[in-house]
Amino acid sequence: MKNLGKLSETEMEVIQEIWKIKEPVTVAQLMDVFRSKDWKTSTLSTIMQRLINKGFLTKSMDGKVNFYYVTLTLDEYKKYESVEFLNRLYDGNIKNFIAAIVEDEGLSKNDIDELKDWFVEQAGEK
-5 MKNLGKLSET EMEVIQEIWK IKEPVTVAQL MDVFRSKDWK TSTLSTIMQR
45 LINKGFLTKS MDGKVNFYYV TLTLDEYKKY ESVEFLNRLY DGNIKNFIAA
95 IVEDEGLSKN DIDELKDWFV EQAGEK
């Protein structure tokens, strides 16, 4: 997967709304979604341009209107961020990550049993 830029809280809020819409969007549509924010059109346009620059959106013009398209799904983004987190904090070692959770008593015996079953199932599918 390509290297994506880090999202600010506001950018994350906007891209999450775009993912919910599940089709190309315009700034006008998003202005309706975010009317409680009291943003100017130029503010939202700037946020959209940042999302393009960070690799989350592309745009095309139809007449005088820009349509914005997502470049990855929410699930793809979650996977990307999970891998980035794992690499950054645990040198990509998932065992160390799970050990940190278990050692901190973050997993119940039931959680551990479910994980074991999941790993066995995954190993069988490979």
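In our numbering, the protein residues as written are -5 to 120.
In this text, a Cβ means the ideal position worked out from N, Cα and C, and glycines have one as well.
Which same chain residues end up closer than 7 Å to residue i when comparing Cβ atoms and leaving out the 5 residues on each side of it in sequence?
{"i": "Glu52", "result": "It is Thr, not Glu, that sits at residue 52 in the sequence shown. Same-chain partners within the cutoff: Ile46, Tyr63, Thr65."}
{"i": "Pro18", "result": "Phe61, Tyr62, Tyr63"}
{"i": "Ala117", "result": "none"}
Rounded to whole angstroms, how far is the Cβ of residue i from the Cβ of residue j, which I believe are closer than 8 Å?
{"i": "Ile9", "j": "Phe50", "result": "6 Å"}
{"i": "Met42", "j": "Val21", "result": "6 Å"}
{"i": "Tyr74", "j": "Leu(-2)", "result": "6 Å"}
Grab me the residues of residue i's own chain with a C-beta within less than 6 Å of its C-beta, minus the 5 sequence neighbours each way, in chain order.
{"i": "Lys(-4)", "result": "Gly49"}
{"i": "Trp13", "result": "Leu68"}
{"i": "Tyr84", "result": "Asn90, Phe91"}
Quick one: what does DSSP say residue i is sitting in, helix, strand or coil?
{"i": "Asp56", "result": "strand"}
{"i": "Leu24", "result": "helix"}
{"i": "Leu132", "result": "Outside the shown range of the chain, which is -5 to 120, sits residue 132, and nothing can be said about it."}
Within its chain, find whatever has a CB closer than 8 Å to the CB of residue i; leave out the 5 residues flanking it on each side and keep chain order.
{"i": "Val96", "result": "Ile106"}
{"i": "Leu38", "result": "Val8, Val21, Leu24, Met25, Phe28"}
{"i": "Lys57", "result": "Inspection of the sequence shows that residue 57 is occupied by Gly rather than by Lys. No residues qualify anywhere along the chain."}
Given a cut-off of 9 Å on the beta-carbon distance, is the pair residue i and residue j in contact?
{"i": "Phe28", "j": "Glu11", "result": "yes"}
{"i": "Leu80", "j": "Ile88", "result": "yes"}
I'd like to know if residue i contacts chain C, where contact means its C-beta is closer than 9 Å to some C-beta of that chain.
{"i": "Phe79", "result": "You won't find chain C in this structure, because it holds only one protein chain."}
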